[in-house]
Amino acid sequence: MANNKVISEALGLIFQGIERLKDAFPNRKFTIDGRLVGDIGEVIAELEYDVTLDTVQRPHYDARTSDGRSVQIKATFKDSLTFVTEPDYYLGFKLYADGKYEEVFNGPGSVLYARFQGLKDIGTKLKSFPIREMRRLSELVEQDKRIPKRQVSKS
3 MANNKVISEA LGLIFQGIER LKDAFPNRKF TIDGRLVGDI GEVIAELEYD
53 VTLDTVQRPH YDARTSDGRS VQIKATFKDS LTFVTEPDYY LGFKLYADGK
103 YEEVFNGPGS VLYARFQGLK DIGTKLKSFP IREMRRLSEL VEQDKRIPKR
153 QVSKS
């Protein structure tokens, strides 16, 4: 019985957290069974980068930059990120249980696609790519090819 109580309490805390996220960011659903991590990544992107999240879902894209570029946003707690087709721009984040996160990749999807194009089913099926390799590729992206961070006003 003690384990049932632990599960009940833990789920209660999770759902309290989800409700807080929904209240703060009502344009995202934060569903626990499928979209929670992705929605968190999208909110991070909108808060920190020059992107506006789509209000209507588009295949393979989640946002647009102020100059109209389409952006695919991915987030994970694991050691790999995914994509199916070559996105115009890709923002990838690694999330940590303590609430921290890091940018893993920021740049044109063509950089990722060129590196992984030899893989079977690339461009047709969802594929996972190692975060360590995506970090390395991101370091090669020139600053003017990245999605800029939002300017923080100093008050």
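Counting from 1 along the sequence shown, just add 2 to a position and that's the residue number in the working numbering. Think of the CB as a built atom: it goes at the ideal place given N, C-alpha and C, for glycine as much as any other residue. All of these numbers come straight from a predicted model, not from anything done at the bench.
How many angstroms separate the CA atom of residue i from the CA atom of residue j?
i, j, result
"GLY120", "LYS151", "32 Å"
"THR57", "TYR91", "18 Å"
"PRO61", "TYR115", "17 Å"
"VAL106", "ILE133", "7 Å"
"PHE32", "ALA26", "11 Å"
"SER10", "GLU50", "34 Å"
"LEU142", "LEU83", "18 Å"
"ALA47", "LEU93", "8 Å"
"PHE79", "ASP69", "30 Å"
"GLN59", "ILE75", "12 Å"
"GLY125", "PHE85", "8 Å"
"LEU97", "VAL113", "22 Å"
"GLN18", "VAL39", "16 Å"
"PRO1", "SER130", "Outside the shown range of the chain (3 to 157) lies residue 1, about which nothing can therefore be said."
"LYS24", "LEU13", "16 Å"
What do you reckon, are the CB atoms on residue i and residue j nearer than 7 Å?
i, j, result
"THR54", "ARG71", "no"
"GLY43", "ALA77", "yes"
"GLY109", "ARG137", "no"
Can you have a look at residue i and say buried or exposed, based on whether 16 or more other CB atoms are within 10 angstroms of its CB?
i, result
"ASP52", "buried"
"MET3", "Bear in mind that a pLDDT of 47 at MET3, under 50, signals an unreliable position, so the number given afterwards is only what the model happens to contain. When all chains shown are included, MET3 counts as exposed."
"LYS127", "exposed"
"ASN29", "exposed"
Complete beta strand (DSSP E) runs within the segment 6-85 (minimum length 3 residues, chain order): You should have 53-60, 63-67, 72-78 and 82-85.
Going along the chain, which unbroken runs of the beta strand (DSSP E) with 3 or more residues stay wholly within the segment 121-157? Unbroken beta strand (DSSP E) stretches of 3 residues or longer found wholly inside the segment 121-157: 129-132, given in chain order.
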